[in-house]
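So the protein lines, in turn, are chains A and B. Each residue of the first sequence is one higher than the last, beginning at 1 in the numbering used here. Each residue of the second sequence is one higher than the last, beginning at 199 in the numbering used here. A virtual CB, placed ideally from N, CA and C, is assigned to each residue, including glycine. A quick note: this is a predicted structure, and the numbers were derived from the prediction, not measured.
There are 2 protein chains.
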Amino acid sequence: MSSKVNTREKLIETASKLFETKGYYATGLNEILIESGTPKGSLYYHFPKGKEQLALEAINSAGEKIKSKLESILNSNINPVDAIISSIEHIATLIDNDQKIKDMSISLIALETYLTSEALRKACEEIFTSLGSIYAKKLINSGINENDAYKLGDVIAAMIEGGMTYSLIKKSGKPLRLIAEQTPKLLNITSMETKQSN
Amino acid sequence: MSSKVNTREKLIETASKLFETKGYYATGLNEILIESGTPKGSLYYHFPKGKEQLALEAINSAGEKIKSKLESILNSNINPVDAIISSIEHIATLIDNDQKIKDMSISLIALETYLTSEALRKACEEIFTSLGSIYAKKLINSGINENDAYKLGDVIAAMIEGGMTYSLIKKSGKPLRLIAEQTPKLLNITSMETKQSN
DNA sequence: GTCTATAATGAGATAGAC
DNA sequence: GTCTATCTCATTATAGAC
């Protein structure tokens, strides 16, 4: 039962949480070390390239969590519109209860780093693309044609990302709930168009 | 012709640009001073409370620019749907040409500071609220009822904010253009509903 | 009001013992 | 693989001459 894997994982876990909530530049390496109970030497053994390398792994870890959580929520509703709406309301509830981002969004670290680190930018880009695809696939399952579905998936993903920013800054899930309320308009027209041709 | 006002304004201007693009924590006071050609002593004369006070004024300055720019674009189209679409496409073009935020979004500094500075959080919240209202007022002018208009205004503002994040990270105006393309669906239904009762 | 020098702290990173 | 001591540099902020 060595700490071979655990130390590394614990570091990524802690870094992921702090980078997501406080941001990349506001989070010091020392803070990550103290909160994870790791000495500095171990960090540089596991992540020789330092903070940026740790951030890359933290972003990927956060991305996996966000993606799998979204997929699981979407899968609990057969109807894609209901599924997407409840995924939005789920985040709104999280923000109302606990006033910060945890396994919800990488917007902060993405905006902080896209100009300074191409590696981190690309990691964030891939996650954003994946989220759009997850929404798109749910729509495809309900009969919307692929082209429309991928367009809508990206629009929905971006809209929710913006909604999270609004909700966090306003300290209220309301902006997200307004988005949830308007979402059917975005989806129904497309699904009607495809169904009209039947 | 003293620098009484100019030094102060120049500092706010420079800080505003750097905070918007690089972020609050990644931007050092020294960087602001060098780029604006101001000695450190002057900064603390004009902003005794230091970086946070400067940031507050920088956020408000950026907010005013963003708001007035949006209003001017929306006013150049009578039709509210066309106006909103072209405001989105305008930002998309800016991002395609110049790969960073300038007088477009305060999302970055908002997400960086909402947990650590209530003053900055409130400043950002006010701007987000104002942007929603600007879209709402354009919709009200076209006959949409006030209640729906304010809901839609916030949704549109949040959606565009998320679209900017997506476009910046993807280094492409495409996400914003997809949003512009889908926007009529969001707006037409409401406007149809209100017009159907005529 | 302006400017320079400097303090005080904390950051990221490294060296080397164990 | 782990841990500690330390280096270097950049940060925000202050003191005091002009």
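Cα-Cα separation, residue i to residue j
i: Tyr-242 of chain B; j: Lys-220 of chain B; result: 22 Å
i: Asn-188 of chain A; j: Arg-121 of chain A; result: 34 Å
i: Leu-250 of chain B; j: Lys-369 of chain B; result: For the sequence presented, residue 250 of chain B should be read as Glu rather than Leu. Their backbone Cα atoms lie some 30 Å apart in a straight line.
i: Ser-405 of chain B; j: Lys-138 of chain A; result: Residue 405 of chain B lies beyond the residue range present for chain B, which begins at 199 and ends at 396; the question has no answer from this structure.
i: Ile-134 of chain A; j: Lys-17 of chain A; result: 23 Å
i: Asn-295 of chain B; j: Thr-7 of chain A; result: 44 Å
i: Asn-141 of chain A; j: Phe-245 of chain B; result: 57 Å
i: Leu-74 of chain A; j: Val-81 of chain A; result: 9 Å
i: Leu-186 of chain A; j: Thr-212 of chain B; result: 40 Å
i: Glu-9 of chain A; j: Lys-69 of chain A; result: 19 Å
i: Glu-31 of chain A; j: Glu-118 of chain A; result: 25 Å
i: Gly-330 of chain B; j: Leu-309 of chain B; result: 18 Å
i: Lys-300 of chain B; j: Phe-217 of chain B; result: 10 Å
i: Leu-292 of chain B; j: Leu-252 of chain B; result: 27 Å
i: Pro-184 of chain A; j: Glu-344 of chain B; result: 20 Å
i: Glu-262 of chain B; j: Ser-87 of chain A; result: 34 Å
i: Lys-298 of chain B; j: Thr-116 of chain A; result: 12 Å
i: Ile-342 of chain B; j: Ile-160 of chain A; result: 24 Å
i: Ala-290 of chain B; j: Ile-377 of chain B; result: 10 Å
i: Ile-283 of chain B; j: Ile-276 of chain B; result: 12 Å
i: Pro-237 of chain B; j: Thr-27 of chain A; result: 28 Å
i: Glu-399 of chain B; j: Gly-248 of chain B; result: Because chain B here runs from 199 to 396, residue 399 of chain B falls outside it and cannot be looked at.
i: Ile-210 of chain B; j: Leu-231 of chain B; result: 11 Å
i: Leu-374 of chain B; j: Arg-177 of chain A; result: 22 Å
i: Ser-240 of chain B; j: Ala-334 of chain B; result: 41 Å
i: Gly-37 of chain A; j: Gly-235 of chain B; result: 43 Å
Helix, strand or coil at residue i according to DSSP, with G and I counted as helix
i: Thr-311 of chain B; result: helix
i: Tyr-135 of chain A; result: helix
i: Ser-328 of chain B; result: helix
i: Lys-102 of chain A; result: coil
i: Ile-342 of chain B; result: coil
i: Ser-200 of chain B; result: Legend: pLDDT at Ser-200 of chain B = 46, less than 50; position of this residue unreliable, value from coordinates given subsequently. Three-state DSSP puts Ser-200 of chain B in coil, outside helix and strand.
i: Gly-162 of chain A; result: helix
i: Lys-174 of chain A; result: helix
i: Ile-377 of chain B; result: helix
i: Ser-395 of chain B; result: The predicted model places Ser-395 of chain B with a pLDDT of 41, which falls under 50 and marks its position as unreliable, so this point remains unresolved.
i: Leu-384 of chain B; result: helix
i: Met-390 of chain B; result: In this predicted model, Met-390 of chain B has a pLDDT of only 40, less than 50, meaning its place in the structure is not dependable enough to derive any value.
Option in the options with minimal Cα separation from residue i
i: Ser-61 of chain A; options: A:Ser-172, A:Leu-115, A:Tyr-166 and A:Cys-124; result: A:Cys-124
i: Lys-67 of chain A; options: A:Thr-165, A:Glu-146, A:Phe-128 and A:Leu-186; result: A:Phe-128
i: Lys-151 of chain A; options: B:Asp-352, B:Val-353 and B:Lys-372; result: B:Lys-372
i: Ser-365 of chain B; options: A:Ile-169, A:Leu-168 and A:Gly-162; result: A:Gly-162
i: Ala-281 of chain B; options: B:Ile-354, B:Thr-363, B:Ile-367 and B:Met-362; result: B:Ile-354
i: Ser-107 of chain A; options: A:Leu-176, A:Ala-158 and A:Ala-26; result: A:Ala-158
i: Ser-130 of chain A; options: A:Asp-148, A:Gly-153 and A:Glu-146; result: A:Gly-153
i: Ala-256 of chain B; options: B:Leu-374, B:Ile-283, B:Leu-227 and B:Ile-342; result: B:Leu-227
i: Ser-274 of chain B; options: B:Lys-263, B:His-288 and B:Glu-262; result: B:His-288
i: Tyr-114 of chain A; options: A:Leu-33, A:Ala-149 and A:Tyr-25; result: A:Tyr-25
i: Ser-105 of chain A; options: A:Gly-50, A:Ser-42 and A:Met-164; result: A:Met-164
i: Glu-181 of chain A; options: B:Ile-367, B:Gln-380, B:Asp-346 and B:Leu-254; result: B:Asp-346
i: Ile-169 of chain A; options: B:Glu-324, B:Leu-374 and B:Arg-375; result: B:Glu-324
i: Met-254 of chain B; options: B:Ile-307, B:Leu-374 and B:Gly-239; result: Going by the sequence as given, residue 254 of chain B is Leu instead of Met. Nearest of B:Ile-307, B:Leu-374 and B:Gly-239 to Leu-254 of chain B, Cα basis: B:Ile-307.
Item to check | Where the region 340-353 of chain B meets chain A: residues whose CB sits under 8 Å from a CB there | outcome: Lys-349, Leu-350, Asp-352 and Val-353
Item to check | Residues within the region 71-97 of chain A neighbouring chain B, beta-carbon criterion of under 9 Å | outcome: none
Next on the checklist: Short of 9 Å Cβ to Cβ, which residues in the region 157-174 of chain A face chain B?
Outcome noted: Ala-157, Ala-158, Met-159, Ile-160, Glu-161, Gly-162, Gly-163, Met-164, Thr-165, Tyr-166, Ser-167, Leu-168, Ile-169, Lys-170, Lys-171 and Lys-174
Item to check | Contiguous alpha helix (DSSP H) assignments of at least 4 residues, all confined to the region 6-42 of chain A | outcome: 29-36
Next on the checklist: My parser needs the alpha helix (DSSP H) runs of 4 or more residues fully inside the region 236-288 of chain B; what are they?
Outcome noted: 238-244 and 249-273
Checklist entry - Listed in chain order, which residues of the region 107-118 of chain A have Cβ atoms closer than 8 Å to some Cβ of chain B? => result Ser-107, Leu-108, Ala-110, Leu-111, Glu-112, Tyr-114, Leu-115 and Thr-116
Checklist entry - According to a CB-to-CB cut-off of less than 9 Å, which residues of the region 202-217 of chain B neighbour chain A? => result none
Item to check | Members of the region 123-140 of chain A near chain B, C-beta cut-off 7 Å | outcome: Cys-124, Glu-125 and Phe-128
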